[in-house]
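2 protein chains.
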Amino acid sequence: MKAFQDFYSDSVAHCYGCGRLNEHGLQIKTHWDGDESVTEYTPRPYHTAIPGYVYGGLIASLIDCHGTGTAAAAAYRKDGRDMDTEPAYRYVTASLHVDYLKPTPLVPLTVRGRVKEIRGRKVIVESELIADGVVTARGEVVAVQMPENFR
Amino acid sequence: MKAFQDFYSDSVAHCYGCGRLNEHGLQIKTHWDGDESVTEYTPRPYHTAIPGYVYGGLIASLIDCHGTGTAAAAAYRKDGRDMDTEPAYRYVTASLHVDYLKPTPLVPLTVRGRVKEIRGRKVIVESELIADGVVTARGEVVAVQMPENFR
């Protein structure tokens, strides 16, 4: 199954967080799991806060790109369209909020998201970051549809 | 002038965002400029959202580590202590909020922060991200003093 990010056109596939064409980046991949969206990512050994724990900026990055990807997929789904149809829906982040609930161990991570609101050009996505079965952070992304002239 | 991060003990100097011992990381450096704290960072060419613009996760990371560094420095300043004295004050992020006001061009960036509140073990730092003289993002970090048993 193709991930949301695999449908992005080449012109918007260079994001450090989620672009499949950014060879230095995280290249996250997000899928639907029922009404939830899921991203799995294994931090690199140097993504540390203190040794053994993940630094907050990576967590923010995962929640951010997971959110914009989910926003795009949700817009297609709302309109009953496949993600490979035109016009393309792409979203940028208007705001990002992360609550760090406890230290996140440096293990394979899962982000699970839900669409809290979808209206007009705005989608709000709530997410949880899960490490070893424990929710260690919660995030909210307010995503807005990318202006046409920005691609 | 030594940066805030240059005073961190080796055991907390491996953060991907601000640790001087993390050779893969951003190694940001923060200083006082009067009552404001300042971090300057030049994004790498691959830190893109779309080509020519900075991806949001980097902005979140800069605001995050700028905030925890400022929190530590503010705690020392409040107590009239130099940063190389014991016991060390180190802070972790309880929450991070970023408002992305406009696209951030991939140019040298400045983060300027102010202490909004300092009370007990908590410091709230407000920051602006500036690119080419324009504020492109605003952030707020709620930082809490790192528990002793976490180092």
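Here the protein sequences line up with chains A and B, keeping their order.
Counted from 1, the first sequence has number 67 at position 64 by this note's numbering; the numbering is strictly sequential.
Counted from 1, the second sequence has number 43 at position 40 by this note's numbering; the numbering is strictly sequential.
Yeah, the Cβ is synthetic: ideal placement off N, Cα and C, and Gly gets one too.
Owing to the predicted nature of the structure, the values given are computational and were not obtained by experimental measurement.
- Inter-residue distance for residue 63(B) and residue 122(A) is about 25 Å (C-alpha atoms, whole angstroms).
- Counting along the chain, residue 36(A) sits inside the beta strand (DSSP E) bounded by residues 33-36.
- Contacts with chain A (Cβ-Cβ distance below 7 Å) from the region 28-56 of chain B involve 28, 49, 50, 51, 52, 53 and 54, listed in chain order.
- Beyond the five residues adjoining it in sequence on each side, residue 126(A) comes within less than 6 Å, by CB distance, of 74, 77 and 146 in the same chain, given in chain order.
- Using a C-beta cut-off of 8 Å, the region 125-140 of chain A makes contact with the region 103-113 of chain A, since at least three inter-stretch Cβ pairs fall below that distance.
- Residue nearest to residue 29(B) within the set 5(A), 105(A), 41(A) and 50(A) is 50(A) (criterion: CA-CA distance).
- Collapsing the DSSP output to three states places residue 8(B) in a helix.
- Per DSSP, the unbroken beta strand (DSSP E) holding residue 146(B) starts and ends at 137-148.
- The Cβ neighbour count for residue 14(A), taken over all protein chains shown within 10 Å, is under 16; the residue is labelled exposed.
- Under the 8 Å Cβ criterion, the region 84-91 of chain B does not count as touching the region 99-106 of chain B, having fewer than three qualifying pairs.
- Between residue 42(A) and residue 56(A), the alpha-carbon positions lie close to 19 Å from each other.
- Rounded to whole angstroms, the separation of the alpha carbons of residue 71(B) and residue 19(B) is 13 Å.
- Looking at the backbone, the Cα of residue 66(B) and that of residue 44(B) are separated by about 11 Å.
- Contact residues of the region 83-114 of chain A toward chain B are 95, 96, 97, 98, 99, 100, 101, 102, 103 and 106 (C-beta to C-beta distance below 8 Å).
- Just so you know, the alpha carbons of residue 95(A) and residue 31(A) end up roughly 16 Å apart.
- Excluding sequence positions up to five before and after residue 109(B), its CB lies within less than 8 Å of the CB of 46, 48, 50, 51, 55, 56 and 57, all in the same chain and listed in chain order.
- Secondary structure note for residue 125(A): its beta strand (DSSP E) is the uninterrupted segment 125-134.
- Counting only Cβ-Cβ distances below 9 Å, residue 15(B) has contacts in chain A at 52 and 53, in chain order.
- If you draw a straight line from the Cα of residue 118(A) to the Cα of residue 150(B), it is about 35 Å long.
- Taking a 10 Å sphere around the C-beta of residue 93(B), we find 16 or more other C-beta atoms and assign the residue as buried.
- Following the DSSP letters along the chain, one finds residue 84(A) in no alpha helix (DSSP H), marked with neither H nor E.
- Short of 7 Å from the beta carbon of residue 38(B), and not among the five residues preceding or following it, lie these beta carbons of its own chain, in chain order: 117.
- At a cut-off of 9 Å between beta carbons, residue 26(A) contacts chain B.
- When the alpha-carbon of residue 81(B) is set against those of 124(B), 17(B), 27(B) and 135(B), the nearest one is in 124(B).
- Legend: CB atoms of the region 118-150 of chain A lying less than 8 Å from CB atoms of chain B are not found in any residue.
- Scanning 84(B), 7(B) and 59(B) for the CA closest to the CA of residue 104(B) turns up 59(B).
- Between residue 6(B) and residue 33(B), the CB-CB gap stays under 9 Å.
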